[in-house]
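In the working numbering, the protein residues as written are 742 to 1206. Where is the CB? At the ideal position from N, CA and C, for every residue including glycine. Since the structure comes first, as structure tokens, the remarks are kept for the end.
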Ligand code: SF4
């Protein structure tokens, strides 16, 4: 057993944060304890993101920044999606790192600190992905690495909410996305496994979790790999039974005060799933739409179109006027025309989403879109992204204004900062509350002022803590 202090820095999305929580559990098991800051850690771990070029650069910058502040003798380890996707090439490009560890590999370098260092890498670091493994090899290999990570215990949550990752990998092949090439096919955890993790989070004495945020690469498909013959042995779904996600949501909602779902592929948003989400009391719908033009979505190898999306959103709002919607969109996908862009602007005006993120297309080697003709110039993609963001910012501000004068139940995440059902952690705005409210408290507040994406509120009545 080691006896040292660790520092874990996480880049990327909530799914990566869950992996980091599990890595911390692994390090606790090895005898490590958390360091107060990176400068006093014996082991520094960077959990990288490889989603798009900007995320990769941010990950590399994080590694170099930690290399600068580490104390003599401290070891620096790079793990996560970049380590998985680029393997040895990343190790070559980052001599500052004592170890580049793919999913599930030990995080403890065998050699002493600095054994690999040969100086500063030439900037910028350019990387080519490892050759894609065959589906059979990928499935076999990842059953024993990244998926095993999900089964590990995690340390107590530092906040009264926590992400719970219910599956690893993805069976879809969206044109722009490289994730399935390094995260592999979908492997869902069993409900028993997920519920055991939820139980331990909500029953923690120091920081009982009140809000569980379910995440996966393709959350709406949770459990399909365990219920269809194409994925090998496993229980088949009986006709007429709820989908695995619908059952899981109902069970998690029995344990946690709030259950929130992130990343729903739009075709997976069935009537029964809508009812299940509304049944949790958190009418929050994070729809992964990416675009609304039918021909462009077909080029993206994705389902749907703007008309269907608006119809579904309107139907949900008719069922629950408090329903909140978030989505994200890609601008400048190959072949995107002015007409496609206009369709997206019209959709945003019609849908009146509460929250939306806009990303310019990133050409990822090894993806279908990398080989498509009619690549859109980066400046044009950026201009389209800005136009969408400007329109959406005004819509978001109006929807936040409409909350003024309303009473909402909020969960206090940190002194002075809380969230109602309308705000997901880390990505949406917050409710600013009196700093005297204890972290983890659930209170009713009156929204008094809209401050752009945030709102300010005063306590109305305390429910408990
Ligand atoms: S659903 Fe599409 S975008 Fe999401 S992880 Fe799977 S392939 Fe990538």
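Item	Value
Residue 1043 (DSSP reduced to helix, strand or coil)	coil
Extent of the continuous beta strand (DSSP E) to which residue 717 belongs	Residue 717 lies beyond the range of the chain shown here (742 to 1206); nothing can be said about it.
Where the alpha helix (DSSP H) through residue 756 begins and ends	755–770
Which of helix, strand or coil DSSP assigns to residue 927	coil
Contact set, the ligand SF4 heavy atom to C-beta under 5 Å	911, 913, 915, 918, 920, 958, 959
The beta strand (DSSP E) enclosing residue 958, as first and last residue numbers	First-last for residue 958: undefined, no H or E at that position.
Check whether residue 1026 and residue 1065 have beta carbons under 8 Å apart	yes
Runs of beta strand (DSSP E) lying entirely within the segment 810–855, each at least 3 residues, in chain order	816–821
Per-residue burial, residue 1033 [other beta carbons within 10 Å of its own, 16 or more giving buried]	buried
Collapsed DSSP secondary structure at residue 995 in the structure displayed	helix
Residues bridged to residue 1002 (per DSSP)	955
C-alpha gap between residue 1147 and residue 1141, whole angstroms	11 Å
Boundaries of the alpha helix (DSSP H) in which residue 1138 is found, first to last residue	1119–1142
Alpha-carbon to alpha-carbon, residue 829 and residue 784	21 Å
Same chain, Cβ closer than 7 Å to residue 918, five either side skipped, listed in chain order	1108
Residue 920 burial status per 10 Å Cβ neighbour count (16 or more: buried)	buried
Residue span of the beta strand (DSSP E) that contains residue 1279, given as start and end	Since the first residue shown for the chain is 742 and the last is 1206, residue 1279 is missing from the structure and cannot be characterised.
Cβ pair count under 8 Å reaching 3, the segment 1161–1180 against the segment 1121–1129	no
Best match in 1181, 1028, 1075 for proximity to residue 945 [C-alpha to C-alpha]	1181
Touching by the beta-carbon criterion (3+ pairs, under 8 Å), the segment 940–955 and the segment 843–850	no
Per DSSP, cross-strand counterpart(s) of residue 905	955
Among 782, 1184, 967, 838, the one whose alpha carbon lies nearest that of residue 818	838
Endpoints, beta strand (DSSP E) assigned at residue 1097	1096–1101
Nonlocal neighbours in the same chain, by C-beta distance under 6 Å from residue 744, ignoring five residues either side	772
CB-CB length for residue 1178 against residue 1153, believed under 8 Å	5 Å
Bridge partners - residue 920, DSSP secondary structure assignment	Answer is none; residue 920 lacks a bridge partner.
CB of residue 1201 within 8 Å of CB of residue 1186, strictly	yes
Close Cβ partners of residue 1089 (< 8 Å) along its chain, the five nearest in sequence each way excluded	1097, 1129, 1132, 1133, 1136
Within 8 Å, strictly: CB atoms of residue 952 and residue 902	yes
Residues of its chain near residue 831, where Cβ-Cβ distance is below 7 Å and the 5 sequence neighbours each way are ignored	819, 823, 824, 841, 868
Own chain residues within Cβ distance below 7 Å of residue 1076, not counting five before or after	1037, 1040, 1113, 1115
Beta-bridge pairing of residue 1070 - partner residues as DSSP gives them	1031, 1099
Beta-bridge pairing of residue 1188 - partner residues as DSSP gives them	1198
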